[in-house]
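Input: a single structure, listed below in structure tokens.
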Amino acid sequence: MDMLRIKQKLLEEPSSQSILVYGDSGIGKTRFAATAAQIPHIRKIVWLDLENGKDTILSMGLSDAELAKIQLIQLLDTRKDPHVMSTLLKMFSSPTDLQLCEEHGRMNCLKCSKEKLPTQTFNLTSLTSHDILVIDTGSQLTDCGVNALLKGQPEEAILPIQDWGTVVNWMKAICQVIQNSRYCNTIMLCHMLPVETYSGTGINKVLQKTEYFPMAGTQAFSRKFGAYFSTEIFLELRGNKHAGGSSTTYKKGVQTKSRTGVRVEDLPELHMKYLFPFKEAVKK
Ligand SMILES: [Zn+2]
């Protein structure tokens with residue numbers, strides 16, 4: 038297909054975006070992602086809530102119609118009974134409807150089916166370029182992978198280094214689906230991982246630089262994590278305002294990029310409408 042035809046096709050049906058937003062906790066990641074509910078041509082947001090972020094969404098002044106667009110799937114994990122990583126792997130690979138209990142976000146939940154508690158349906162292949170899947174957060178999802186491998190062990194137990202490969206492979210399986218963007222848009226939220234580099238040793242040790250990466254398990258994988266996304270946004274405080282950047286030259290020591298050329302640092306406000314612009318030719 039020639040590039041002109043590709044351009045015309047994209048006007049008919051815009052390609053899906055995959056956006057990574059990372060930054061310190063409390064920096065406004067959840068609020069920023071939830072502004073997507075205010076975009077008229079976004080029909081549905083499936084919010085995979087691993088961090089119990091619903092209070093933030095409820096307190097940001099969204100209208101009833103906007104709140105109704107957000108389908109919250111709460112996925113709470115414990116080391117005693119970890120299920121979130123296996124549930125997510127299934128959600129990202131199954132072509133059919135999955136039934137998840139409302140209370141735990143769990144498939145085939147014994148407790149909820151016994152008590153006849155409500156379930157909700159998820160099917161990734163039913164989502165479109167007018168829908169957004171939010172993962173809140175990728176960092177917590179990595180921890181759920183650790184929980185799965187340390188099932189039943191105490192909270193202070195640490196994952197042996199050789200087992201990290203398994204967690205990284207699970208994350209890769211999910212991220213590859215996001216990277217292909219075949220079905221819907223994705224917004225992945227992440228905490229940040231500061232990485233310090235020193236020169237010299239002992240009393241001559243001097244901090245050379247601090248870099249910030251989206252936190253996703255090992256340092257090596259966190260450094261590469263952004264590669265799965267078409268846009269990578271870093272959020273921080275500027276003055277006393279929540280702000281951010283997305284151009285590759287935004288700031289030394291932070292990883293940012295935007296394949297669509299949106300410069301978050303130049304926007305009048307942090308709002309997802311600038312990242313999902315309406316296209317005239319969008320099919321209803
Ligand atoms: Zn349940």
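FYI, in our numbering the residues of the sequence shown are 38 to 321.
Glycine residues also receive a C-beta, built at the ideal position from the N, C-alpha and C atoms.
At least 9 angstroms separates the beta-carbon of residue 129 from that of residue 73. Remark: the C-beta of residue 143 is in contact range of ligand 1, defined as less than 8 angstroms to any heavy atom. Boundaries of the alpha helix (DSSP H) around residue 101: 101-106. In this structure, the C-beta of residue 148 approaches ligand 1 to less than 8 angstroms from one of its heavy atoms. Boundaries of the beta strand (DSSP E) harbouring residue 280: 278-282, taken from the DSSP string. Bridge partners of residue 275 according to DSSP: 278.
Excluding sequence positions up to five before and after residue 154, its CB lies within less than 7 angstroms of the CB of 138, 139 and 140, all in the same chain and listed in chain order. Residue environment: residue 303 is assigned as exposed (fewer than 16 neighbouring CB atoms within 10 Å of its CB, all protein chains considered).
A distance criterion of 8 angstroms places the beta-carbon of residue 87 beyond contact range of ligand 1, judged by its closest non-hydrogen atom.
For residue 112, the shortest separation between its Cβ and any heavy atom of ligand 1 does not lie below 8 angstroms.
Shortest gap from the CB of residue 99 to any heavy atom of ligand 1: 8 angstroms or more. In this structure, residue 154 has its CB closer than 8 angstroms to one or more heavy atoms of ligand 1. Judged by DSSP secondary structure, residue 227 falls within the beta strand (DSSP E) whose first and last residues are 222-227. Exposure of residue 235 is indicated by the presence of fewer than 16 other C-beta atoms within 10 angstroms of its C-beta. CA-CA distance, residue 216 to residue 274, rounds to 29 angstroms.
When DSSP states are grouped into helix, strand and coil, residue 306 belongs to the coil group. By the Cβ-count criterion, residue 102 is exposed, with fewer than 16 other Cβ atoms from all chains shown falling within 10 Å of its own Cβ. The Cβ-Cβ distance between residue 109 and residue 270 does not fall below 9 angstroms.
The segment 167-186 and the segment 198-209 touch, with no fewer than 3 CB-CB distances between them shorter than 8 angstroms.
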